[in-house]
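*Asks:*
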Amino acid sequence: MPASDSGYIGRFAPTPSGHLHFGSLLAALASYLDARNAGGHWLLRIEDLDTPRNLPGADQHILHTLDAYGLHWDGPVVWQSRRLEHYHALLEDWLRRDLAFYCNCSRQDLKDFAGVYPGTCRQRRLPADSSHAIRVRVDDRLISVADRLQPPLVVCLSADPGDFVVRRRDSIIAYQLAVVADDVAQGITDIVRGADLLDSTPRQLWLYQLLDAPAPRYLHIPLLLQRDGDKLSKRLGSAPIDPDQAPATLFRALHTLAQQPPAELARAPVSEQLDWAIAHWQPRRLPGAPQFNQVYPAGS
Ligand code: GLU
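Under the numbering used here, think of the first position of the sequence shown as 84, with each following residue one higher.
#1: Taking three-plus beta-carbon pairs below 8 Å as touching, is the region 162-177 in contact with the region 191-199?
#2: Apply the 10 Å Cβ neighbour rule to residue 168 and answer buried if 16 or more other Cβ atoms are within range, or exposed otherwise.
#3: Do residue 168 and the ligand GLU come close, with the Cβ less than 7 Å from some heavy atom?
#4: Assess contact between the region 255-264 and the region 125-140, defined as three or more Cβ pairs (one per stretch) separated by less than 8 Å. Is contact present?
#5: Whose C-alpha, out of 191, 139, 187, is nearest the C-alpha of residue 204?
#6: Alpha carbons only, please: which of 346, 268, 331, 121 is nearest the one belonging to residue 364?
#7: Just to confirm my understanding: we take residue 238, look at its own chain, exclude 5 residues before and 5 after, and list those with CB closer than 6 Å. What are they?
#8: Measure from the alpha carbon of residue 95 to the alpha carbon of each residue in 109, 323, 84, 101, then state which is nearest.
#9: Can you tell me where the alpha helix (DSSP H) with residue 267 in it begins and where it stops?
#10: With distances taken from CA atoms, which of 222, 116, 342, 266 is nearest residue 247?
#11: Check residue 106 in the structure and name its three-state DSSP category.
#12: Whole alpha helix (DSSP H) runs in the region 142-182 with 4 or more residues, listed along the chain?
#13: Give me whichever residues DSSP pairs with residue 216 in a beta bridge.
#14: Around the Cβ of residue 148, are there at least 16 other Cβ atoms within 10 angstroms (buried) or fewer (exposed)?
#15: Any heavy atom of the ligand GLU within a distance shorter than 7 Å of the CB on residue 274?
#16: Taking the straight line between their C-alpha atoms, what separation do you get for residue 175 and residue 252?
#17: With DSSP as the reference, identify every bridge partner of residue 205, one or two as the case may be.
#18: If contact is defined by three or more beta carbon pairs under 8 Å, each pair taking one atom from either stretch, is the region 319-335 in contact with the region 99-108?
#19: Which residue marks the beginning of the beta strand (DSSP E) containing residue 358, and which one marks its end?
#20: With distances taken between CB atoms, is the gap from residue 276 to residue 114 smaller than 8 Å?
#21: Work out the CA separation of residue 336 and residue 352 for me, nearest whole Å.
#22: Between the alpha carbons of residue 339 and residue 154, how many angstroms are there, rounded?
#23: Among 216, 255, 273, which has the Cα closest to the Cα of residue 91?
#24: If I measure Cβ to Cβ from residue 287 and keep anything under 7 Å in the same chain, skipping five residues before and after, which residues do I get?
#25: What does the alpha-carbon distance come out to for the pair residue 270 and residue 280?
#26: Where does residue 301 fall in DSSP's three states?
#27: With DSSP collapsed to three states, give me the class of residue 279.
#28: Whole-angstrom Cβ separation of residue 152 and residue 333, contact assumed at under 8 Å?
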């Protein structure tokens, strides 16, 4: 794939634990519009490492639905399950350089620490064991997250969550490691995704530092919430969006992202709606969301 003229490379990175629902369509659409508006590339990566959570056929449904909505990606799709060697090589390197360590603490051992790792195995130098977790060491430096929409966030990882897991006790590579390894390998310059992942961003910035790689720009879009405050994807996790209703649903998604599409676009083919939306993309219109409980405008 030739480099994009603008230098912008974005991506959508769904987990195939369910079908594409309206909340994930919003993340896909926002990242697509941001990339295309910037004259950039938009890549697709299937984050299928958490094998017990993968729903059979969900990856194909996601590809088919994106296609039906006119959200065409550049280059080949990347499946994380085919990149295990790469993640293991990174882990080996970090272990060798003492940037990471084995940890055999159980859930029970950690239950009294409110999600903050107490450092139990930090100095124990446990030998390699595939049934141990692997954690990266953090220190008390402050990590600042700059986001194009959200207020600045400054976090001290040693205070919370402490040394964090990059390979789980069941040997599955943790999301934090895989997402950063791949964003670096794919040269991603801009990440546009749901604000539920804001919380993960400081850990990911830490891993960028370990990899000596430049951090991307971030835009975390507010989550679509149900009235009772549940994230849509949890409540309607099993309600896939219908590829046959693409024009109407895409129009609703543009409206929900507060892009103010003209009414006459409502029945236009998706390609026409997207052409308009790329030309008029205004991330500033997204409802600002200092917290995760932002509710979109009425009627969305
Ligand atoms: N795979 C993650 C998810 O579906 C998103 C990863 C990301 O955008 O960083 O929630």
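Each residue gets a CB set at the ideal place from its N, CA and C atoms; glycine is no exception.
*Replies:* Reading it off the structure:
#1: no
#2: With fewer than 16 Cβ atoms within 10 Å of its Cβ, residue 168 is classed as exposed.
#3: no
#4: These segments touch.
#5: 187
#6: 121
#7: 226, 285
#8: Of the candidates 109, 323, 84, 101, the one whose C-alpha sits nearest the C-alpha of residue 95 is 109.
#9: Per DSSP, residue 267 is one residue of the alpha helix (DSSP H) stretching across 258-268.
#10: Per the C-alpha coordinates, the member of 222, 116, 342, 266 positioned closest to residue 247 is 222.
#11: helix
#12: Restricting attention to alpha helix (DSSP H) runs no shorter than 4 residues, the region 142-182 encloses them at 167-179, ordered along the chain.
#13: 186
#14: buried
#15: Residue 274: yes, Cβ under 7 Å from the ligand GLU.
#16: 16 Å
#17: DSSP lists no partner for residue 205.
#18: yes
#19: Not the beta strand (DSSP E): residue 358 falls in the alpha helix (DSSP H), residues 353-363.
#20: yes
#21: 14 Å
#22: 17 Å
#23: 273
#24: 259, 262, 263
#25: 20 Å
#26: Residue 301: strand per DSSP, three-state reduction.
#27: helix
#28: 6 Å
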